[in-house]
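Here the sequence shown stands for residues 1 to 183, numbered as in full-length UniProt numbering. Each residue gets a CB set at the ideal place from its N, CA and C atoms; glycine is no exception. What you are looking at is a predicted structure, and each value in this text was computed from that prediction instead of being measured.
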Amino acid sequence: MIRDIKDDVKKVLYSEEQLAKRVKEIAEEISKDYAGKDLLVVGILKGSVLFTSDLIKNITIPCEIDFMAVSSYGNSAQTSGVVRILKDLDSDIENKHVLIVEDIVDTGTTLSYLLEYLKARKAASIEIVALLDKEARRTSNISAKYKGFDVPDEFIVGYGIDYAEKYRNLPFIGALKEEIYNK
Numbered sequence: 001m002i003r004d005i006k007d008d009v010k011k012v013l014y015s016e017e018q019l020a021k022r023v024k025e026i027a028e029e030i031s032k033d034y035a036g037k038d039l040l041v042v043g044i045l046k047g048s049v050l051f052t053s054d055l056i057k058n059i060t061i062p063c064e065i066d067f068m069a070v071s072s073y074g075n076s077a078q079t080s081g082v083v084r085i086l087k088d089l090d091s092d093i094e095n096k097h098v099l100i101v102e103d104i105v106d107t108g109t110t111l112s113y114l115l116e117y118l119k120a121r122k123a124a125s126i127e128i129v130a131l132l133d134k135e136a137r138r139t140s141n142i143s144a145k146y147k148g149f150d151v152p153d154e155f156i157v158g159y160g161i162d163y164a165e166k167y168r169n170l171p172f173i174g175a176l177k178e179e180i181y182n183k
C-alpha cells in the first residue's frame, strides 16, 4: 500500500481555500501600495515558490520577478546562523522597489542578512511579504510589511515549505507529526 504524505501531518492549519483567499488579499494591497512604482518581486527559493507564483498571478500592476536562493539551515532542521547566498539576483535593483517574498519568517536570521545584503545595491525601497510568521522563534528585529498568517511554534510544511526537501507539494499549510522529524 502506498503511504499518503498527508498521513504525516498532525493537523491542517490553513486550507487551500484559506491560502488562496489570503494571497489574493495581500496581492490587492501590494497592487494598491506599489501603483506607479517600478516593482521587483523577489521570491526566495525554494520555499516561497508556490506563494510567489500565486501572489504575482494576483498582482494587478506591472512588475518584474526574480529569485534568490539563500540558506541558513544546511542539512538540519535548526538554523546554523551562517547565511549563504546560493543564487543571487539576475536583475539590477538600483532605484527599484524590491519586495522580498518569503514563505515563513522564523528566527529572522536569513531575512536580516538579506536586507543588509540588498541595501548596498541602492534599491528605492525594500520590503518583505511573508506568507507565515512564527514570531515565537524570532531572534532578529525583523517584521514583514505584508503577512498572511501567524503560525504556532511547530514544524510547518506544505504549500512550498519542506521538511528534508519533502512535503512542499501539500496544497495546504500543516503541522508535521513529531515522529517524522524526531527520528
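- Judged by pairs of C-beta atoms under 8 Å, the region 3-15 touches the region 157-174, as three or more such pairs exist.
- For Gly-174, the beta-bridge partners assigned by DSSP are Val-12 and Val-157.
- Taking a cut-off of 8 Å on C-beta distances, the region 93-106 touches the region 128-145, as three or more cross pairs fall below it.
- Under the three-state reduction of DSSP output, Arg-168 falls in the coil class, being neither helix nor strand.
- In the DSSP secondary-structure assignment, Lys-57 is not bridged to any residue.
- Here Val-98 carries a strand assignment [DSSP, helix/strand/coil].
- The beta carbon of Ile-142 sits closer than 7 Å to those of Val-105, Gly-108, Leu-111 and Ser-112, all from its chain and outside the five residues before and after it, given in chain order.
- When C-alpha distances from Gly-174 are compared across Arg-121, Arg-138, Val-151 and Gly-43, the shortest belongs to Val-151.
- Annotation for Tyr-163: no alpha helix (DSSP H) segment contains it, and DSSP assigns it neither H nor E.
- Within the DSSP secondary-structure output, Tyr-34 pairs in no beta bridge.
- Under DSSP, Val-42 takes part in a beta bridge, and its partners are Asp-66 and Ile-100.
- Put simply, of Ser-140, Ile-44, Glu-16 and Leu-55 the residue whose alpha carbon is nearest the alpha carbon of Ser-71 is Ile-44.
- Contact between Asp-66 and Val-42 holds: their C-beta atoms lie close to 5 Å from each other, under 8 Å.
- In this structure, Lys-87 sits near Met-68, with a CB-CB distance shorter than 8 Å.
- For Glu-127, the enclosing beta strand (DSSP E) begins and ends at 125-133.
- Residues of the same chain with a CB within less than 6 Å of the CB of Asp-133, apart from the 5 flanking positions on each side, are Val-105, Lys-147 and Asp-150 in chain order.
- When Lys-177, Ala-123, Lys-24 and Ala-164 are compared, the shortest CA-CA separation from Leu-39 is found for Ala-123.
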